[in-house]
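Asks:
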Amino acid sequence: MEFNWQTIISLLSITVISTSLIQVFKYMALPHYRLEINRKQHSDKANALSNYINDTYAPYKDSSNTTPKSVIQRQTNAAFATTKFNFELIFLLLDRDVRDIELRAADIQSRWILLNVDYKSKKIKCLLKKTWLPKIIFIVFILYFVFSILIIGIVSGYEWYGLRGINESYLLITLFLLILIDAYIIYVMGIIKNLENLIDWED
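Have a look at this one:
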């Protein structure tokens, strides 16, 4: 009896695809199955963080610890399953008993233009002053509202006084870019606001 390899490969392919589709269907259609997956993921992350604190963070706080920084960084990469977090930043957030360490670390490192982490003094500094935040947020929201009204008016056929004679297409593109920039500034200010209690503000 000769083996028909093409048939065998086809059957294996169908089996693999069917299994994948069943798993996707179970995840989407069965809340209990989805709950169990999410619970396992959170449990794995909790265990990884707990082990990291006990095996890496706590020993490092001991002045006699001589573990090389390169090893600690690799342990940090393994614990958080990513290479984007500096272990000094994670330790700083642990010192401050931050609740959502991964989210806050990602927020701080993504705002590197406005935020600077001084690991020697263990301070998180911001280029902006705390008193500026409400004013900046107010201004960008007003600009967002103004740009939105201008765009709605132009699309509706209304000719704004002072903007007549300007090519409508260029004007819409410019306003659209401005509103995108404004929305991004709102997003950044929102993150800075969330980090408000972690930032060491200067007078």
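For the sequence shown, our numbering puts the final residue at 1454, and the numbers step up evenly by one.
Cβ coordinates follow ideal geometry from the N, Cα and C atoms, glycine included.
#1: Starting from K1320, trace the alpha helix (DSSP H) in both directions and tell me its first and last residue.
#2: Could you tell me the distance, in whole angstroms, from the CA atom of L1394 to the CA atom of K1381?
#3: Between which residues of its own chain and N1328 is the CB-CB distance below 6 Å, once the five residues before and five after are set aside?
#4: What are the start and end residues of the alpha helix (DSSP H) that includes N1445?
#5: Candidates R1362, F1336, L1365, P1310: which alpha carbon is nearest I1352's?
#6: Quick check: the stretch 1442-1454 against the stretch 1421-1432, are there 3 or more CB pairs under 8 Å?
#7: Between the beta-carbon of Y1311 and the beta-carbon of F1331, is there less than 8 Å?
#8: Could you pull the start and end residues of the beta strand (DSSP E) that D1369 belongs to?
#9: Have a look at Q1360 and Y1308 and give me their C-alpha separation to the nearest angstrom.
#10: Report yes if the C-beta distance between E1419 and I1405 is below 8 Å; otherwise report no.
#11: Could you give the distance in angstroms between the alpha-carbon of W1383 and the alpha-carbon of N1367?
Replies: Taking the coordinates as given:
#1: As a working mapping, residue 1320 is identified with position 69 in the sequence shown. From DSSP, the alpha helix (DSSP H) with K1320 extends over 1320-1331.
#2: Position 143 of the sequence shown, counted from the start, is the residue given in the question as residue 1394. Position 130 of the sequence shown, counted from the start, is the residue given in the question as residue 1381. Going by the C-alpha atoms only, they are around 21 Å apart.
#3: As a first step, residue 1328 is located in the sequence shown; it is residue number 77 there, counting from the start. Cβ neighbours of N1328 beyond the five flanking positions: T1334.
#4: If you number the sequence shown from 1, residue 1445 lands on position 194. Residues 1419-1445.
#5: Translated into the one-based positions of the sequence shown, residue 1352 becomes position 101. The candidate whose alpha carbon is nearest that of I1352 is F1336.
#6: no
#7: Here residue 1311 is taken as the residue at index 60 of the sequence shown, counted from 1. Here residue 1331 is taken as the residue at index 80 of the sequence shown, counted from 1. Not in contact: Y1311 and F1331 (Cβ atoms no closer than 8 Å).
#8: For the purposes of this step, residue 1369 is taken as the residue at position 118 of the sequence shown. Taken as a continuous stretch (DSSP letters only), the beta strand (DSSP E) holding D1369 covers 1366-1369.
#9: Here residue 1360 refers to the residue found at position 109 when the sequence shown is read from its first residue. Here residue 1308 refers to the residue found at position 57 when the sequence shown is read from its first residue. Spanning the two alpha carbons is a distance of roughly 20 Å.
#10: Within the sequence shown, numbered from 1, the residue matching residue 1419 stands at position 168. Within the sequence shown, numbered from 1, the residue matching residue 1405 stands at position 154. Contact flag set, yes.
#11: If you number the sequence shown from 1, residue 1383 lands on position 132. If you number the sequence shown from 1, residue 1367 lands on position 116. Straight-line Cα distance between these residues: approximately 17 Å.
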